[in-house]
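Numbering (the numbering used here), first residue to last: -6 to 175.
One structure below.
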């Protein structure tokens, strides 16, 4: 199955409310099809690339998509840090077993959302890698050395904080499920 179709199906199945927050892989592929280096001499392509005018629409959209994905990830990450603190406060102030059951359920739901965000990062990272590879093949010139280091520096690509949140979630669940009394 082609990646674009796989991405669409995965988004519709797992992330319908986040639909507009993923890399616009299809739009990027459409812009790639407009690049036809076979009709231009190699030296002309290299001059355009050096001047920054070759495939301007594609690179502009690629950068915009990177910014969009990153902004969404940062917003979600910040929300999740706040939610974890709230859950931790509730854990320390438990008064009855009903509250504990509700908190356990909320933490499980929260952990599920963390896993979804992690999956979001994997899908988008794969999308950027694949579209850059397609660009290199189609255009005959590589943007990989200039673009991919930028991707690797983005918060959505570094999921350390997300893993830390997941670890703390698991620790809370462990404490709550091992303790019978609030």
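A virtual CB, placed ideally from N, CA and C, is assigned to each residue, including glycine.
Asked, Found
"Between the CA atoms of residue 86 and residue 124 - distance to the nearest angstrom", "49 Å"
"Residue -3, enclosing alpha helix (DSSP H) - first and last residue", "-4 to 7"
"Residue-chain proximity (residue 163, chain D), Cβ-Cβ < 7 Å", "Considering every chain present, this structure includes no chain D. It has just one protein chain."
"Where residue 144 falls, given that 16 or more other Cβ within 10 Å makes a residue buried", "buried"
"C-alpha gap between residue 150 and residue 116, whole angstroms", "11 Å"
"Delimiting residues of the alpha helix (DSSP H) encompassing residue 124", "90 to 132"
"Terminal residues of the alpha helix (DSSP H) in which residue 15 lies", "Run containing residue 15: none; DSSP gives neither H nor E here."
"Distance between residue 88 and residue 25 (C-alpha atoms, nearest Å)", "59 Å"
"Best match in 76, 121, 155, 109 for proximity to residue 99 [C-alpha to C-alpha]", "76"
"Identity of the residue in 118, 11, 110 nearest residue 176 by Cα", "Any property of residue 176 remains undetermined from this structure, which presents the chain solely from -6 to 175."
"Alpha carbon of residue 131 to alpha carbon of residue 52, nearest angstrom", "14 Å"
"Residue 81, enclosing alpha helix (DSSP H) - first and last residue", "49 to 85"
"Inter-stretch contact at 8 Å, needing at least 3 Cβ pairs: the region 131 to 140 / the region 160 to 167", "no"
"Under 7 Å between C-beta atoms of residue 107 and residue 54", "no"
"Buried versus exposed call for residue 18 [16 or more other C-beta atoms within 10 Å across all chains shown]", "buried"
"For residue 44, three-class secondary structure by DSSP", "The predicted model places residue 44 with a pLDDT of 49, which falls under 50 and marks its position as unreliable; any figure quoted below should be read in that light. The answer is helix: DSSP assigns residue 44 an H, G or I state."
"Cβ-Cβ separation, residue 14 to residue 73 (assumed contact under 8 Å), whole Å", "Not quite, the Cβ-Cβ distance comes to about 15 Å (not below 8 Å), so this is no contact."
"Start and end residues, alpha helix (DSSP H) containing residue 147", "Careful: residue 147 lies outside any alpha helix (DSSP H) and carries neither H nor E."
"Alpha-carbon to alpha-carbon, residue 159 and residue 177", "Not covered by the structure: residue 177. The range shown for the chain is -6 to 175."
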